[in-house]
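Chains W and U, in that order, give the protein sequences. Converting from the first sequence to our numbering requires adding 21 to each position, the first position being numbered 1. Converting from the second sequence to our numbering requires adding 19 to each position, the first position being numbered 1. Beta carbons: idealized from backbone N, C-alpha and C, even for Gly.
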Amino acid sequence: MSAPTSQLYAQRLNRYVTAGRNAKPDRVPLRPFAAEFTANVSGHTVQQITHDYNQAFDSVITCCRQFDWDAVVPNMVYVWTGLTQSAGLRYYAIPGIDVGPEVGFQYREPEQDNAWMRREEYDELIDDPVAFLYNTWLPRVSAECAASPYRRSLAMVKSTWAMANYFSAFGPQIERMKNECGTVSSISGMLKAPLDVLADKFRGYLGLAFDLMEVPDKVEAACKALMPHLGFIALSGLDPGRNIPIPIWMHRGCVPFVSHDHFNRLYWPTLKPIVEAIWARGNQTLFYAEGKWDAHLDAFAELPAGSIIYHIDRGDAELTARKLGSKFCLSGGVPNAMLAFGTPEEVRQRCKFLIDTCGQGGGFIMDASAIMQNDARVENVRAMTEFTREYGVYSTTPSDAAPPPPPEGRPPAPTWREGRVPAGACLAWEQRLKEIPAIPGDPALCRQVWENVDALAYFYIWHLVLSF
Amino acid sequence: MADLRTLHDAILEGNAKQAAALTQEALAEGLAPLDIIQQAMVPAMDEVGRRFECEEYFVPELLLSARAMKAALEPVRPLLVASGIQPAGRVVIGTVKGDLHDIGKNLVAALLEGGGFEVIDLGADVPAQKFVEAVQSSGAGIVALSALLTVTMPSMKSTIEALDHAGVRSRVKVIVGGAPVTQQFADQIGADGYSENATAAVALARRLSQPA
Numbered sequence: 022m023s024a025p026t027s028q029l030y031a032q033r034l035n036r037y038v039t040a041g042r043n044a045k046p047d048r049v050p051l052r053p054f055a056a057e058f059t060a061n062v063s064g065h066t067v068q069q070i071t072h073d074y075n076q077a078f079d080s081v082i083t084c085c086r087q088f089d090w091d092a093v094v095p096n097m098v099y100v101w102t103g104l105t106q107s108a109g110l111r112y113y114a115i116p117g118i119d120v121g122p123e124v125g126f127q128y129r130e131p132e133q134d135n136a137w138m139r140r141e142e143y144d145e146l147i148d149d150p151v152a153f154l155y156n157t158w159l160p161r162v163s164a165e166c167a168a169s170p171y172r173r174s175l176a177m178v179k180s181t182w183a184m185a186n187y188f189s190a191f192g193p194q195i196e197r198m199k200n201e202c203g204t205v206s207s208i209s210g211m212l213k214a215p216l217d218v219l220a221d222k223f224r225g226y227l228g229l230a231f232d233l234m235e236v237p238d239k240v241e242a243a244c245k246a247l248m249p250h251l252g253f254i255a256l257s258g259l260d261p262g263r264n265i266p267i268p269i270w271m272h273r274g275c276v277p278f279v280s281h282d283h284f285n286r287l288y289w290p291t292l293k294p295i296v297e298a299i300w301a302r303g304n305q306t307l308f309y310a311e312g313k314w315d316a317h318l319d320a321f322a323e324l325p326a327g328s329i330i331y332h333i334d335r336g337d338a339e340l341t342a343r344k345l346g347s348k349f350c351l352s353g354g355v356p357n358a359m360l361a362f363g364t365p366e367e368v369r370q371r372c373k374f375l376i377d378t379c380g381q382g383g384g385f386i387m388d389a390s391a392i393m394q395n396d397a398r399v400e401n402v403r404a405m406t407e408f409t410r411e412y413g414v415y416s417t418t419p420s421d422a423a424p425p426p427p428p429e430g431r432p433p434a435p436t437w438r439e440g441r442v443p444a445g446a447c448l449a450w451e452q453r454l455k456e457i458p459a460i461p462g463d464p465a466l467c468r469q470v471w472e473n474v475d476a477l478a479y480f481y482i483w484h485l486v487l488s489f
Numbered sequence: 020m021a022d023l024r025t026l027h028d029a030i031l032e033g034n035a036k037q038a039a040a041l042t043q044e045a046l047a048e049g050l051a052p053l054d055i056i057q058q059a060m061v062p063a064m065d066e067v068g069r070r071f072e073c074e075e076y077f078v079p080e081l082l083l084s085a086r087a088m089k090a091a092l093e094p095v096r097p098l099l100v101a102s103g104i105q106p107a108g109r110v111v112i113g114t115v116k117g118d119l120h121d122i123g124k125n126l127v128a129a130l131l132e133g134g135g136f137e138v139i140d141l142g143a144d145v146p147a148q149k150f151v152e153a154v155q156s157s158g159a160g161i162v163a164l165s166a167l168l169t170v171t172m173p174s175m176k177s178t179i180e181a182l183d184h185a186g187v188r189s190r191v192k193v194i195v196g197g198a199p200v201t202q203q204f205a206d207q208i209g210a211d212g213y214s215e216n217a218t219a220a221v222a223l224a225r226r227l228s229q230p231a
């Protein structure tokens, strides 16, 4: 990294983290979640960047070079469809195959009576979520696994290698962003709420909605059973430097998708402890609150100051600033429809409003409301970028000092009840011991290697659920 | 004797079995189908809408009531057809080309059915021409377009243009909705109405179905 690039990186990291800690950097940082938009800039098709992650990485680098953004996601078109195709995942529509080459990937909502998990399978999920995923869920969501034993074996081997290759490619991409462009990687890790996982990947929203009304105790028990696993995966993916937040993609947990009672009884109690555990380690959670979550701002305000960054999608920016602004950094708020159909002047006016409303005294990160797809106009994104750089200035002196660390004296991590089979493993060592003869050699070594490799199968299945 | 108040409450509480049974009972006792609809079913769904608007009900409750309404309507429908009674209106509904999201569209379709409309649901990822053909073959007075992605919102515009080119635009009212859709966008593309949520969509469809 050349000296100017390393200095630029240090300044951007300081700016991004300082704002994230709800403090005042030299200016409002920019952290657009640029997804298919990167194809607009690089001249690729959506199919190209979705189906070939190297082209997606290159497109992100192109954006880093063209826009003065402080932090970006290494690849916000995060679902690499090479993997979803090899695994045969039915719930994906792939650009260039299932939808046109210029339309982003989409999730297919399952039919209510033919969801990825049936209502009568709650007990199986609750008893051992990992076994449920391998035994019941995967054969149902994967056309390849259902086809034949041979195709199933191929799908498992191919998708496992595909996931390993894909995840391994992120490290070099983050280094490229840093060394070639001085750009910070904006997020690290993966978190979803138990209720969202139930809705998104298991029961479908409609199935879950009826379950909430007709078998609420099962839904509650399932959320509790999922929580240790989702917590485990989240805690495993945190930025060791504690600078970069872990995002939570929030979908169906808000009014009117669920009632206040469902939120208070099911959604929040099985998510809040995970967020608190993350903060106990000094890592922030980025609440990517898709849709409108205004009804729940008071609940979020219960969290320790600085523990989250709250992203505004279609929520009320003024209300959010009033309820959360003194405790947490806010981000987002530029409507995607405006970036697609509006004018640069409208974008500038919106950015001014957001900085005036949410960015007084720092603690604001500029971004679109939701991930930027290929309909966002380049001139509008440029207007957002340039206006923020000019108007969102707090001081004329950028700092390339190490970013501020999380505060000391954070509350300790809450504890939660593990299920019958604790999180982190598929086949526990204790079970393996019963199946093999007495070990004449070093049992600790055997155990360590067994558990390390077993954990790979654990991460595979949960990332299939959470990341793809 | 059939208790229309209990039928009303069964729909309101989302009890499909009870709603269907009470409707059968009422019909068996000779109550006119239209009276059952107008005195019990429509007021029940209106109350569901009211409760949704004031946050006493949420989408799960809406779905439950819509299912109960559908169950109650099932034995009544053939009698309405046989006696030549027209539905509140006929609606062609679908998620526009390129967009596979259908939760919102399905909810609107269910509530429109509950509101006494005949609904022709074309599904998701529907090409403009398919909307045109459905209007031509059904004689529907309303076309309801849904989109969840800003990327696919332009398909709403091209669908309206296709209706225009086919010469059927003046015969129908086009209503649009979906999370990123706004009144401003609806105005820009020449839609006749926009609704922010499913219950308001039913009220909008009713309003637009009234003779001018």
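Beta-carbon proximity check, residue i vs residue j, cutoff 7 Å
i: residue 112 of chain W; j: residue 162 of chain W; result: yes
i: residue 322 of chain W; j: residue 293 of chain W; result: no
i: residue 100 of chain W; j: residue 126 of chain W; result: yes
i: residue 93 of chain W; j: residue 71 of chain W; result: no
i: residue 352 of chain W; j: residue 388 of chain W; result: yes
i: residue 289 of chain W; j: residue 328 of chain W; result: no
i: residue 517 of chain W; j: residue 447 of chain W; result: Residue 517 of chain W lies beyond the stretch modelled for chain W, which goes from 22 to 489, so this question has no answer here.
i: residue 15 of chain W; j: residue 315 of chain W; result: This structure leaves residue 15 of chain W out entirely; chain W is present only between 22 and 489.
i: residue 95 of chain W; j: residue 263 of chain W; result: no
i: residue 266 of chain W; j: residue 444 of chain W; result: no
i: residue 110 of chain U; j: residue 159 of chain U; result: yes
i: residue 238 of chain U; j: residue 164 of chain U; result: No information on residue 238 of chain U is available, as it lies outside the stretch 20 to 231 that chain U covers here.
Nearest candidate by alpha-carbon position, reference residue i, set the options
i: residue 193 of chain W; options: W:240, W:206, W:182; result: W:206
i: residue 383 of chain W; options: W:346, W:365, W:364, W:367; result: W:346
i: residue 131 of chain W; options: W:334, W:55, W:158; result: W:158
i: residue 281 of chain W; options: U:44, U:71, U:46, U:56; result: U:71
i: residue 104 of chain U; options: U:28, U:51, U:62, U:205; result: U:51
i: residue 453 of chain W; options: W:188, W:212, W:472; result: W:472
i: residue 90 of chain U; options: U:212, U:207, U:27; result: U:27
i: residue 310 of chain W; options: W:434, W:188, W:331; result: W:331
i: residue 245 of chain W; options: W:117, W:268, W:150; result: W:150
Under the three-state DSSP convention, the category residue i falls into
i: residue 437 of chain W; result: coil
i: residue 308 of chain W; result: strand
i: residue 314 of chain W; result: coil
i: residue 393 of chain W; result: strand
i: residue 127 of chain W; result: strand
i: residue 67 of chain U; result: helix
i: residue 232 of chain W; result: helix
i: residue 534 of chain W; result: What is shown of chain W runs 22 to 489, which leaves residue 534 of chain W out entirely.
i: residue 108 of chain U; result: strand
i: residue 373 of chain W; result: helix
i: residue 116 of chain U; result: coil
i: residue 483 of chain W; result: helix
i: residue 136 of chain U; result: strand
i: residue 88 of chain W; result: coil
i: residue 268 of chain W; result: strand
i: residue 419 of chain W; result: coil
Residue i beta carbon near the ligand COA (any heavy atom closer than 6 Å)
i: residue 470 of chain W; result: The ligand COA is absent from the structure shown, which contains no ligand whatsoever.
| task | Output, in sequence order along the chain, the residues in the stretch 276-305 of chain W whose CB is closer than 8 Å to any CB in chain U. | result | 276, 277, 278, 279, 280, 281, 283
| chain U contacts from the stretch 122-154 of chain W (Cβ-Cβ distance under 7 Å) | 124, 125, 127, 129, 130
| Near-chain W residues of the stretch 171-200 of chain U - C-beta to any C-beta below 9 Å | 171, 172, 173, 198, 199, 200
| request: Would you list, in chain order, the members of the stretch 26-58 of chain W that have their beta-carbon closer than 7 Å to a beta-carbon of chain U? | output: none
| Listed in chain order, which residues of the stretch 80-97 of chain U have Cβ atoms closer than 9 Å to some Cβ of chain W? | 80, 81, 82, 83, 86
| message | Taking beta-carbon pairs under 9 Å, can you tell me which members of the stretch 78-109 of chain W lie near chain U? | response | none
| When you check each C-beta in the stretch 376-405 of chain W against every C-beta of chain U, which residues fall closer than 7 Å? | 394, 395, 396
| task | Closer than 9 Å, Cβ to Cβ, to anything on chain U: give me those residues from the stretch 343-366 of chain W, in chain order. | result | 356, 357, 358, 360, 361, 362
| field | Against chain W: residues of the stretch 115-139 of chain U by CB proximity under 8 Å | value | 117, 118, 119, 120, 121, 122, 125
| task | Evaluate contact between the stretch 267-282 of chain W and the stretch 210-225 of chain W, counting only Cβ atoms and requiring at least three cross-stretch pairs below 8 Å. | result | yes
| said: Please identify, using Cβ separations under 9 Å, the residues of the stretch 192-224 of chain W that lie next to chain U, in order along the chain. | reply: none
| task | Report yes or no: do three or more beta-carbon pairs, one from the stretch 208-217 of chain U and one from the stretch 115-135 of chain U, lie closer than 8 Å? | result | yes
| message | Can you confirm whether the stretch 224-241 of chain W touches the stretch 55-63 of chain W when touching is taken to mean that 3 or more C-beta pairs between the two stretches lie within less than 8 Å? | response | no
| message | Measuring CB atoms only, is the stretch 171-180 of chain W touching the stretch 28-37 of chain U, in the sense that at least three cross pairs come out at less than 8 Å? | response | no
| request: For the stretch 459-486 of chain W, enumerate the residues whose C-beta is nearer than 9 Å to any C-beta of chain U, in chain order. | output: none
| said: Would you call the stretch 80-87 of chain W in contact with the stretch 347-366 of chain W, where contact means no fewer than 3 C-beta pairs closer than 8 Å? | reply: no
| task | Report yes or no: do three or more beta-carbon pairs, one from the stretch 41-56 of chain W and one from the stretch 417-436 of chain W, lie closer than 8 Å? | result | yes
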